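J.: To start, I am sharing the structure in question, which I have written as structure tokens.
There are 4 protein chains.
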Amino acid sequence: MTLRVAMIGHGFMGAAHSVGWRQAPAIFDLPDRVEMSVLVGRDAAAAEAAARKWGWSESATDWREVVTRDDVDIVDIVTPGDIHAEIAIAALAAGKHVLCEKPMANSVAQAESMLAAAEQAAARGTKAMVGFTYRRVPAVTLLRDLIAQGKVGNIHQVRAAYRQDWLVDPETPLAWRLQKDHAGSGALGDIGAHIIDMTQFVTGLAVDAVSGTVQTVVPRRPLLDSGSGLSGTAAEGYGDVTVDDLAIFTGRLAGGALVSFEATRFATGRKNALTIEVSGDKGALLFDLEDLNRLRFYDRTAPSRLQGFTAILVTEPVHPYVAAWWPAGHVLGYEHGFVHQAADFVTAVCTGAPAHPTFAEGLSVQRVLDAVQHSAAAESAWVDVHEPTTVSMR
Amino acid sequence: MTLRVAMIGHGFMGAAHSVGWRQAPAIFDLPDRVEMSVLVGRDAAAAEAAARKWGWSESATDWREVVTRDDVDIVDIVTPGDIHAEIAIAALAAGKHVLCEKPMANSVAQAESMLAAAEQAAARGTKAMVGFTYRRVPAVTLLRDLIAQGKVGNIHQVRAAYRQDWLVDPETPLAWRLQKDHAGSGALGDIGAHIIDMTQFVTGLAVDAVSGTVQTVVPRRPLLDSGSGLSGTAAEGYGDVTVDDLAIFTGRLAGGALVSFEATRFATGRKNALTIEVSGDKGALLFDLEDLNRLRFYDRTAPSRLQGFTAILVTEPVHPYVAAWWPAGHVLGYEHGFVHQAADFVTAVCTGAPAHPTFAEGLSVQRVLDAVQHSAAAESAWVDVHEPTTVSMR
Amino acid sequence: MTLRVAMIGHGFMGAAHSVGWRQAPAIFDLPDRVEMSVLVGRDAAAAEAAARKWGWSESATDWREVVTRDDVDIVDIVTPGDIHAEIAIAALAAGKHVLCEKPMANSVAQAESMLAAAEQAAARGTKAMVGFTYRRVPAVTLLRDLIAQGKVGNIHQVRAAYRQDWLVDPETPLAWRLQKDHAGSGALGDIGAHIIDMTQFVTGLAVDAVSGTVQTVVPRRPLLDSGSGLSGTAAEGYGDVTVDDLAIFTGRLAGGALVSFEATRFATGRKNALTIEVSGDKGALLFDLEDLNRLRFYDRTAPSRLQGFTAILVTEPVHPYVAAWWPAGHVLGYEHGFVHQAADFVTAVCTGAPAHPTFAEGLSVQRVLDAVQHSAAAESAWVDVHEPTTVSMR
Amino acid sequence: MTLRVAMIGHGFMGAAHSVGWRQAPAIFDLPDRVEMSVLVGRDAAAAEAAARKWGWSESATDWREVVTRDDVDIVDIVTPGDIHAEIAIAALAAGKHVLCEKPMANSVAQAESMLAAAEQAAARGTKAMVGFTYRRVPAVTLLRDLIAQGKVGNIHQVRAAYRQDWLVDPETPLAWRLQKDHAGSGALGDIGAHIIDMTQFVTGLAVDAVSGTVQTVVPRRPLLDSGSGLSGTAAEGYGDVTVDDLAIFTGRLAGGALVSFEATRFATGRKNALTIEVSGDKGALLFDLEDLNRLRFYDRTAPSRLQGFTAILVTEPVHPYVAAWWPAGHVLGYEHGFVHQAADFVTAVCTGAPAHPTFAEGLSVQRVLDAVQHSAAAESAWVDVHEPTTVSMR
């Protein structure tokens, strides 16, 4: 059998997903063949160029038509977040397996409707998955496995941050990602979503309450050009940044452990620094995306004079995903997670195995994001995640 | 001339201060001689043993008597925090220069009365200084200098943490430091104070509002023994921990930049990990107390392809304090800050130069600590530092 | 136009090269299309499976036939070293562009004949290149560029090592790589070749004399099985390791700077640790293959109190090759060098630009390897590289 | 009882030793009291100033007189190496315990006569020790202990380097340390001695043969002034550097394991970078003097997916020497080794326990240094350590 994939969208994420689809069958022994069938984009010429560049058999401009085609099995959604829900629901209704890039949606309501659609589809054996690919960096998968096996013990606290610096220059222009109407959210939704998901994934615990602050460090930026359609007075050619640049929030996990979260685009010198440290009564684990081939493990059960953080080079055949790649010590990079994601999704589709992150997990991230925004609007008061309008006492 | 020092107290801090007084005259060319005259402790035998061990000429048991002796010039207070105010005020009234270990006091009110005493004394040329010795780690002094010289530019955000792990074991007993009556506060006041002071010191900006959460991760611990006098039901020999173990809070600096703070005794594997990172539009600086001979500097004004964090080994003669020590590359340790502190205080006393941290700075730290506790008691709502009972809108 | 590639061999290197050919056209804007035409292997079934797995259009078993096919433009040689010369010379004679994996040959004589063939072919516009892919790790390319631009100044010394640990276990069996008849050489030729090439590449200076020692740390190992055809007495099922495990040698660069070299398969805990540090009067540069997205640069011309090793995260668009990949901070891995290699070779073939490493460079590495073996056989006496039988006075 | 110490010399090492004698009694519970009795220097005024600065009771100018005084128990020699032998032999003959700074002597012959004197004195209970203080950095002591306890297993190889950069500037003047007549040797004897001793100390194995090269990277340097008495033609005010700047040598340990050694003053950016890595069949250990509070341990017996280098922060009470100092995580610096050395020597003198490094160990280092120079003069041919004039076949 052959699984035929249609990809909707072709920006940066389209490139990464294309590499995933191209490489997965060569690197992994997949149960079925994969065909990169059709790439969809609004602009016909651009879509055709992208399809040729990335190895898609054809291109198209109307996603509605494509997601119902008989010769499509998997719909891979890499558009901006505002149309994720519409596409995903249509594709699931048409019986297509859906891989949807994160963030799953721009609102909780959208995510809820997507989950409902996924649950209906699941009853028919159709798979739905969200693209938090960092789960599939081998060191992150190992981190999760070690926690699940009790190496950290009872979790006392978590420290998670995602720090970038691409907005430090105040003359960086007012791109669509800095406008609430288009992007929905700023650093919080874009990169904060990753550390929320990763925290929940590796600990197996839900964030059930939050208290947070968001800030727009540079509130006005140069307009790209007069035709940009961006809001803001055009006087002097500057417009308002309407999303956050920086979000600092504290979460409470089920069971009570606290998590410090920080998502920022103003951490000078930090390029793509997703870091997470989980501390428990038996040990601690530390990961840094800028050093993604290593996992640091502190084993409190080791002899006391030998304790320290062990820098595990996660490049051995015994490590998750690694046996399919190169010999020991040969490091992997950013896009390998997309190859693993494609391989895992294909396997889930073919074998019926569970595909994670589920839409339920994607929704839970949206709810945490939503709660942070409620808290930030209420003087940082604690907000329950599942009922974000209620300020709870604790 | 000779400056004669009396030290009140002789625990861990007494040892560190003793090394400071012993070594400062040997390492630095001080304007006057220093004599370690008298060590004061409640228990005569213990005080005498400590005096002999650390090189104090004599010992005594009554601090009230000592602080008024004619043959004492400097009073160095290293007792628990609850009697700092009483001793400091008495010593200042007697015309003695006072070095008071941090935290300056156990309450804002105490600190305010200490400041009032210090201001009166200052009019007579008497010096008062608080012992935030980490300011005098060469890498921290350099960090401050570089910010003052504009190397970081406009500060966008700060990330400060002080992480230890000595309470991870739930069977660690209920020492006095875990009882509010005796210790005043837990991780917040003990180590949180350091990162508040360091943030204000290196940035030159006051923390003017906070939102925070404190937690007691392990709420009950074994009593040391029946005669410990600790509160808590003695059933099964466990008592209540009445201070925080973990404090996560966000501060707002004058000008609006946010600071993420974390003070914890539950960060498994972190022994004495005070870290601070200051991010601005021209650069960033990063310090880690577990690696205290290095300062990391990111220069955004460097050619773009050469940008990165530079690990400055702060062991060259051009670096603060270092020329007095060893040749290039020969690293310093924890107690060197106490030597620098003693040398700087002696110099200030002799020359009339300003002595920092001032009592006003010590009080400002107390006010921030107080505001964090108010915020934590009010669902993490933002609290202004200078009027901590008011919850402000912003 | 389309360049049609034939690859001879399909082991580990075949996989890496296949990824290179697959990905290069998708990631880079190449002047011509690339077609992965035919994969050649002795065993028809294995070759066909590999071809399917890696995306080659067809497979074949007779390399002699393939290298003369009209519908082949490029011959990529990834066989064991003992038949590199024969294939390369035949392919060049047939007018094919040749990419030959390192080490270029198993002897200086073979390499010399290959160079002669390449020089003849060059006169007709045919390209020949050796696969020292580590030159194309972006951080290594940047290292070379910075030296070329004078950032290190006059080179005083180089410290280069390639350390692995896959032979530490004495029960690791006697594979063909541990037999001189099959592998030619051990750690020296396999990984020592890389650090010789890298040293010459980044400094632009030839190694013109060497003094060295080689050792076989574990001299006897278990035979794989009785049918292995390996030498050694089969008594107790052990046989002799006939290549070196560990080579320590000193080189002298043109101009006189010394280089310390170490190639080892016994550096416990080191998986693929190629490290090189170049020290000069203006600065120093340091690279570590286990951390391949970073380059460390020490700038002696910086203000003295700011000097230190700067950890450049070589993931910015201004860095070599990086603009074609992901946004800032998204790290690359091992196989990306093979993508760069394929792209550069295609570009050289299409545009006539020079293709490096040249066969002359490959030969020079062989000569250094040869000289090390001569020195090791002569009590480590210094040996000139170009006349390796002569022991010179200096 | 009180042990009365006389120190001969008062340069950089005099300062470090003085700190050792001052601090040891305060930090450690020593069996006897220590009195810093007399400091000896040629220039009376300079000696008196140093004595006052460092806390010695008196000063003197004639070491011959001092080493026979009845009120002196320990003679501590920190002069240049050329008079070590004379002083040590006289002091031992007078029944004084002797601590002699490294290098033990400027020649093998001197060291041999010192050892003879020490052996005679030992029969009378007199102690003699050489000042390789780095043995007493807690992480180094721990490294030795772990090897002794089998954590590394059979040692396969060692990689040791001592790298500094204070001669990179060609205008650094021609100080006495760069003149063979005064300094005996250059980088080899000064810092190479440390890595030879450390290798032998931590492995418990003797270096029994060497092959090496020495180089003077910058052969001529500016004369300090016309009255410097330095050799070299004064034309243009430059003179010849007559010692090595850089030594690269390979050693063979008893049992056959190879050691790569490098001692250099030209490693740009390396300030005091003594590094040693010991690799065996059960594990590896790595130490770096620029990061001296950490020891890195790779445990090959750990579960394979958890293997990595563990960064042990050697600041816990369970670690060597540390319990006497500060709480966990409070780092030590360079001079703490001198405090440990003083404490250990006092303890050995009082209790009769062995004092290491012995003069026999000091002599063995001299013999290795001598053999390296013989090898360097013989085209790097291998030289046996114990009969350095013989070039052996192996």
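Protein sequences appear in the order of chains A, B, C and D. Residues 1 to 394 in full-length UniProt numbering are what the first sequence spells out, letter by letter. Residues 1 to 394 in full-length UniProt numbering are what the second sequence spells out, letter by letter. Residues 1 to 394 in full-length UniProt numbering are what the third sequence spells out, letter by letter. Residues 1 to 394 in full-length UniProt numbering are what the fourth sequence spells out, letter by letter. Note that beta-carbon positions come from the ideal geometry of N, C-alpha and C, so glycine has one too. No experiment lies behind these values; they were computed from the predicted model shown.
The beta strand (DSSP E) with I77 (chain C) in it runs from where to where?
T.: Per DSSP, I77 (chain C) belongs to the beta strand (DSSP E) from I74 to I77.
J.: Bridge partners for Q157 (chain C) per DSSP, in chain order?
T.: Its beta-bridge partners are C:L258 and C:S279.
J.: Between the Cα of V66 (chain B) and those of B:S37, B:I155, B:L224 and B:A284, spot the shortest distance and give me the residue it belongs to.
T.: The shortest Cα separation from V66 (chain B) among B:S37, B:I155, B:L224 and B:A284 belongs to B:S37.
J.: Nearest by alpha-carbon distance to S304 (chain D): which of C:G269, C:V241, C:S364 and C:R4 is it?
T.: Of the listed residues, the one whose Cα sits closest to S304 (chain D) is C:G269.
J.: Determine the chain B residues that contact S279 (chain A) at a beta-carbon separation under 9 Å, and present them in chain order.
T.: The answer, in chain order, is R163, D165, V168, T264, F266, A267, T268, G269 and R270.
J.: Would you say F12 (chain B) faces chain D, with C-beta separation under 8 Å as the test?
T.: F12 (chain B) counts as touching chain D.
J.: Which residue or residues does DSSP assign as beta-bridge partners of Y334 (chain A)?
T.: DSSP lists no partner for Y334 (chain A).
J.: Do you know offhand how far P327 (chain A)'s Cα is from I27 (chain A)'s?
T.: Their Cα atoms are separated by approximately 13 Å.
J.: Between which two residues does the alpha helix (DSSP H) carrying R64 (chain B) extend?
T.: It spans W63 to V66 - the alpha helix (DSSP H) in which R64 (chain B) sits, taken as one unbroken run.
J.: Just list the beta strand (DSSP E) runs in the region 63 to 142 of chain D, keeping only unbroken ones of 3 residues or longer that don't cross its boundaries, in chain order.
T.: Those beta strand (DSSP E) runs which fall completely within the region 63 to 142 of chain D and span 3+ residues are 74 to 77, 97 to 101 and 128 to 131.
J.: Report the rounded CA-to-CA distance for H340 (chain D) versus G20 (chain D), giving the unit in angstroms.
T.: Their backbone Cα atoms lie some 7 Å apart in a straight line.
J.: Note down, in chain order, each residue of its chain lying with its Cβ closer than 7 Å to the Cβ of N272 (chain D), except the 5 sequence neighbours on either side.
T.: Only Q164, L289 and E290 meet the Cβ criterion.
J.: So is Y334 (chain B) in contact with chain A if we call contact Cβ pairs under 8 Å?
T.: No, its Cβ sits nowhere closer than 8 Å to a Cβ of chain A.
J.: Give the secondary structure of Q215 (chain A) by DSSP, where H, G and I count as helix, E and B as strand, and everything else as coil.
T.: Here Q215 (chain A) sits in strand by DSSP.
J.: In the DSSP output, which residue or residues are listed as bridge partners for M36 (chain D)?
T.: Its beta-bridge partners are D:V5.
J.: Shorter than 8 Å from the beta carbon of K102 (chain B) to some beta carbon of chain C?
T.: Not an interface residue.
J.: Just to confirm my understanding: we take A47 (chain D), look at its own chain, exclude 5 residues before and 5 after, and list those with CB closer than 8 Å. What are they?
T.: Within the same chain, A47 (chain D) has close Cβ partners H10, L39, V40, G41, S59, A60 and T61.
J.: Taking only the alpha-carbon atoms, compute the straight-line gap between I191 (chain D) and P219 (chain D) and give it to the nearest angstrom.
T.: C-alpha separation (whole angstroms): 19 Å.
J.: Report yes if the CB atom of Y162 (chain D) is closer than 8 Å to the CB atom of G337 (chain D), and no otherwise.
T.: In this structure, G337 (chain D) does not lie closer than 8 Å to Y162 (chain D) by Cβ.
J.: Using a cut-off of 9 Å between C-beta atoms, extract the partners of T213 (chain A) located in chain B.
T.: Simply S211, T250, R252, L258 and W382.
J.: Rounded to a whole number of angstroms, what is the C-alpha to C-alpha distance between L205 (chain B) and L205 (chain A)?
T.: Distance between the alpha carbons of L205 (chain B) and L205 (chain A) is about 38 Å.
J.: Say yes only if the C-beta of I27 (chain B) is nearer than 7 Å to one or more non-hydrogen atoms of the ligand MG, and no if none qualify.
T.: You won't find the ligand MG in this model; it holds no ligand whatsoever.
J.: Tell me the DSSP bridge mates of D370 (chain A)?
T.: Answer is none; D370 (chain A) lacks a bridge partner.
J.: Compute the beta-carbon to beta-carbon distance between H84 (chain B) and G280 (chain B), rounded to the nearest angstrom, for a pair I have assumed lies under 8 Å.
T.: Actually they do not touch by this definition, with Cβ atoms about 35 Å apart.
J.: Based on Cα-Cα distance, which residue from B:W166, B:T358 and B:E35 lies nearest to F201 (chain B)?
T.: Here the closest residue by C-alpha is B:T358.
J.: Please name the residue in D:L99, D:A50 and D:A93 whose C-alpha comes closest to that of R64 (chain D).
T.: Nearest option by C-alpha distance: D:A93.
J.: Use the C-beta contact count for P354 (chain D): other C-beta atoms within 10 angstroms, 16 or more gives buried, fewer gives exposed.
T.: Per the 10 Å Cβ criterion, exposed.
J.: Helix or strand or just coil, what does DSSP make of D288 (chain A)?
T.: Reduced to three states, the DSSP call for D288 (chain A) is strand.
J.: Quick check: the Cα distance between A376 (chain D) and I195 (chain D), rounded to an integer number of angstroms?
T.: C-alpha separation (whole angstroms): 18 Å.
J.: Taking 8 Å as the threshold, find out whether the region 340 to 352 of chain C comes into contact with the region 176 to 185 of chain C through three or more Cβ pairs.
T.: No: fewer than three Cβ pairs fall under 8 Å.
J.: Flag this pair as yes or no: are the beta carbons of I89 (chain D) and Q307 (chain A) separated by less than 8 Å?
T.: For I89 (chain D) and Q307 (chain A), no; Cβs fall outside 8 Å.
J.: Counting contacts by CB-CB distance shorter than 8 Å, is K96 (chain B) in contact with chain D?
T.: So no, K96 (chain B) is outside the interface.
J.: Using the three-state DSSP reduction, which class does L246 (chain A) fall into: helix, strand or coil?
T.: In this structure, L246 (chain A) counts as strand in the three-state DSSP scheme.
J.: In this structure, does DSSP put G41 (chain D) in helix, strand or coil?
T.: Coil at G41 (chain D), not helix or strand.
J.: Using beta-carbon positions only, say whether Y321 (chain D) and P138 (chain D) come within less than 8 Å of one another.
T.: Result yes, Cβ atoms of Y321 (chain D) and P138 (chain D) sit closer than 8 Å.
J.: For R124 (chain C), which residues in the same chain have their Cβ closer than 8 Å to its Cβ, ignoring the five residues on either side in sequence?
T.: G95.
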